[in-house]
Amino acid sequence: MTMNPLLSVQDVGWHIAGVRILQRVSFDVAHGEFVALMGRNGAGKSTLLDLAAGLRPPSEGVVALEGRPLGEWSPGDLARSISHLPQMMRAEVAFSAEELVLMGRYPHSGRWMESAGDRQTAQRAMTRCGCFQFRHRRLSTLSGGERQRVLLAACLA
Numbered sequence: 003m004t005m006n007p008l009l010s011v012q013d014v015g016w017h018i019a020g021v022r023i024l025q026r027v028s029f030d031v032a033h034g035e036f037v038a039l040m041g042r043n044g045a046g047k048s049t050l051l052d053l054a055a056g057l058r059p060p061s062e063g064v065v066a067l068e069g070r071p072l073g074e075w076s077p078g079d080l081a082r083s084i085s086h087l088p089q090m091m092r093a094e095v096a097f098s099a100e101e102l103v104l105m106g107r108y109p110h111s112g113r114w115m116e117s118a119g120d121r122q123t124a125q126r127a128m129t130r131c132g133c134f135q136f137r138h139r140r141l142s143t144l145s146g147g148e149r150q151r152v153l154l155a156a157c158l159a
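The following block contains the structure:
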């Protein structure tokens, strides 16, 4: 029995304003596989990750998660299945590190207020990422690396 790849990118391309950024990119990622995406600056790595995360639709080709094209997923189901760690985030946002990590729980919660379980999950993610000690600090007071650890904790939560 052959198992569908976790993520499948087939003949994906992306262009904007007549400029081709990506052309015919294809690869599969198996369950449990670790993949590194490398290339020179401006090669389209971040664009490819945005496409794979469903943050923008490809100009051509198909991105599928667990055998299902991303366009067929509801936004909620997609948000519960994929996390995206941006390269940068504005430091001026008026949230504490803990508040930002708890935002990672929103797709998993059926209400506006976080549950005790959501708080425990956020605490575990922050501890795992080595940023629990920043939980009460505003993002604007954190270094770039500290902010990235908080963002990773939000993805894990």
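As numbered in our numbering, the sequence shown has no gaps in its residue numbers, which increase by one up to the final residue, 159. C-beta: ideal position from N, C-alpha, C; glycine also. This one's a predicted model, so the numbers in the text were calculated from it and none came from an experiment.
The three-state secondary structure of Leu24, taken from DSSP, is strand. Judged by DSSP secondary structure, Glu148 falls within the alpha helix (DSSP H) whose first and last residues are 146–158. In the structure shown, Leu72 adopts helical secondary structure according to DSSP, grouped into three states. Rounded to the nearest angstrom, the Cβ distance from Met105 to Ala156 is 6 Å, consistent with a contact under 8 Å.
Contact between Arg130 and Leu158 is confirmed by a C-beta separation of about 6 Å, below the 8 Å threshold. Asp120 counts as buried, since no fewer than 16 other beta carbons sit within 10 angstroms of its beta carbon.
By alpha-carbon distance to His86, the top candidate from Gly69, Glu62, Leu53 is Leu53. Residues Val11 of the same chain have their beta carbon placed closer than 7 Å to that of Phe29, with the five preceding and five following residues left out of the count. Counted as a single uninterrupted DSSP element, the stretch harbouring Val37 is not any beta strand (DSSP E), since DSSP gives it neither H nor E. Only residues of its own chain outside the window of five on either side were considered, and among them Cys133, Phe136 have a CB closer than 7 Å to the CB of Glu148, listed in chain order. Note that the C-beta distance between Glu116 and Arg107 is below 9 Å. Rounded to the nearest whole angstrom, the C-alpha separation of Phe36 and Val95 is 32 Å. Burial is judged here by how many other beta carbons sit within 10 angstroms of a residue's own beta carbon; Pro60 has at least 16 and is buried. Take Thr49, set aside five residues on each side of it, and the residues of its chain with a beta-carbon closer than 7 Å to its own are Trp16, Ile23, Leu24, in chain order.
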